[in-house]
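Notes for the one structure printed next.
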Amino acid sequence: MGSKYPPSVRGCLPLWALTLEAALILVFFFFTYYDTSLEDQKVLMEFYQVCQDLTVMAALGLGFLTSSLRRHSWSSVAFNLFILALGVQWAILLDGFLSQFPPGKLVIKLSSIRLATMSAMSVLISAGAVLGKVNLVQLVVMVLVELTAFVTMRMVSRNVFSTYLHNAVLAGGVAVGASCHLISSPWLAMVLGLVAGLISIGGAKCLPVCFNRVLGIHDSCGVHYTFGLPGLLGEITYIVLMMRQAVWANAFAPTSQNMERTSCG
């Protein structure tokens, strides 16, 4: 497969890979160190067994997953190993720098290597879709960009959104579901979903403290602000849209009848 690349691409492949690896080695030399503390050997062996199985699955399993052995056997395994080695290094640095405030030297543990391997598997799965159409330089760019987005979104989802985003999506679906057949424009559905999401997120902060104690509502799972209030909003929207449709039908019906009589006369 490499022989099909133009000479310019074949010439920059080793240089680009060696330059990137040298930069990663320097970063690891100055900003990381191993955890040399005496840990529980039982816990360490449990981490090691899981990390071993995960690495074997990532290195060998995903290389042959849904790929043609006749066409992509060498490139799938070789590129898979290269992506895994580069992705684990990059994911360790991203996980360390994004989760440690203020930034300093990163501690490399077996658990961090396991988490980095799981992050690199997202790139391995994506690479299977473009196998045979991309070269090594494009795969390197794909590893850096996709892993950065993946680790960043995981940190944001863990530290910022938590479960509020999921509740907001459910609330938007509940609010729009009752009147979806009456909504004639996308902006109305967007506004309705936004209001329902804000009600859900605000309810998660305010209702358990304020309204639940005053009204005597027992809601330990957030059903009231995830389904109850958005459902009430959806019913109010349904009534308003039905009234608007009825008013418009009564307003334009006589005009259409007069036009028909005039044309017949």
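All the letters of the sequence shown, read from the start, carry residue numbers 181 to 445 under the working numbering.
All residues carry an ideal CB built from backbone N, CA and C; glycine is no exception.
Identified DSSP bridge partners for residue i
i	result
Thr212	Leu286
Own chain, CB closer than 8 angstroms to residue i, minus 5 neighbours either side, in chain order
i	result
His425	According to the sequence provided, residue 425 is Gln. The question's His does not apply to it. So the list reads Leu362, once near-sequence residues are dropped.
Gly267	Ala296, Ser299, Ala300, Val303, Leu304, Val323 and Leu327
Phe210	none
Leu421	Ser359, Leu362 and Ile363
Leu278	Val331, Thr332 and Met335
Cys231	Leu290, Ile293, Arg294 and Thr297
Tyr213	Lys285, Leu286, Val287 and Ile288
7 angstroms CB neighbourhood of residue i in its chain, flanking five on each side removed
i	result
Ala384	Tyr344, Asn347, Gly402 and Tyr405
Ala271	Ala296, Ser299, Ala300, Leu327 and Val331
Gly357	Gly414
Leu261	Ala239
Ser183	Note on Ser183: pLDDT 48, under 50, position unreliable in the model; the coordinate value appears next. Excluding positions up to five away in sequence, the list is empty.
Exposure of residue i, with buried meaning 16 or more beta-carbon neighbours within 10 Å
i	result
Ser410	It is Pro, not Ser, that sits at residue 410 in the sequence shown. Its Cβ being crowded by 16 or more others within 10 Å, Pro410 is buried.
Val303	buried
Val371	exposed
Ser359	buried
Gly241	exposed
Ala431	exposed
Leu378	exposed
Leu336	For the sequence presented, residue 336 should be read as Val rather than Leu. Under this definition Val336 is an exposed residue.
Gln318	exposed
Val320	buried
Ser380	buried
Gln280	exposed
Ala329	exposed
Ala307	buried
Leu195	exposed
Leu198	exposed
Minimum C-alpha distance to residue i - residue among the options
i	options	result
Val354	Trp270, Cys386 and Phe407	Phe407
Ala239	Leu311, Met225, Ala258 and Phe208	Ala258
Glu415	Glu226, Ala329 and Gly352	Gly352
Met333	Leu274, Gln318 and Gln269	Leu274
Gly284	Val207, Tyr418 and Val375	Val207
Tyr418	Val320, Gly382, Ile379 and Leu368	Leu368
Gln229	Phe211, Ser279, Ala265 and Ser291	Ser291
Phe227	Ser279, Ile293 and Asn315	Ile293
Val314	Phe277, Ile263 and Ala376	Ile263
Leu200	Ser364, Met422, Leu316 and Met423	Leu316
Ala376	Leu412, Ile205 and Gln269	Leu412
Ala202	Gln269, Gly312 and Leu224	Gln269
Ile205	Met225, Leu224 and Ala265	Ala265
Residue-chain proximity (residue i, chain C), Cβ-Cβ < 8 angstroms
i	result
Val356	Absence of chain C from the displayed structure is noted, only one protein chain being present.
Beta-carbon contacts of residue i that lie in its chain and below 6 angstroms, excluding the five residues immediately before and after
i	result
Cys192	none
Asp215	Val287 and Lys289
Leu374	none
Trp428	none
Gly276	Leu286
Pro366	none
Val310	none
**Asked** How about the region 229–242 and the region 293–312: do they share at least three Cβ pairs that are nearer than 8 angstroms?
**Response** yes
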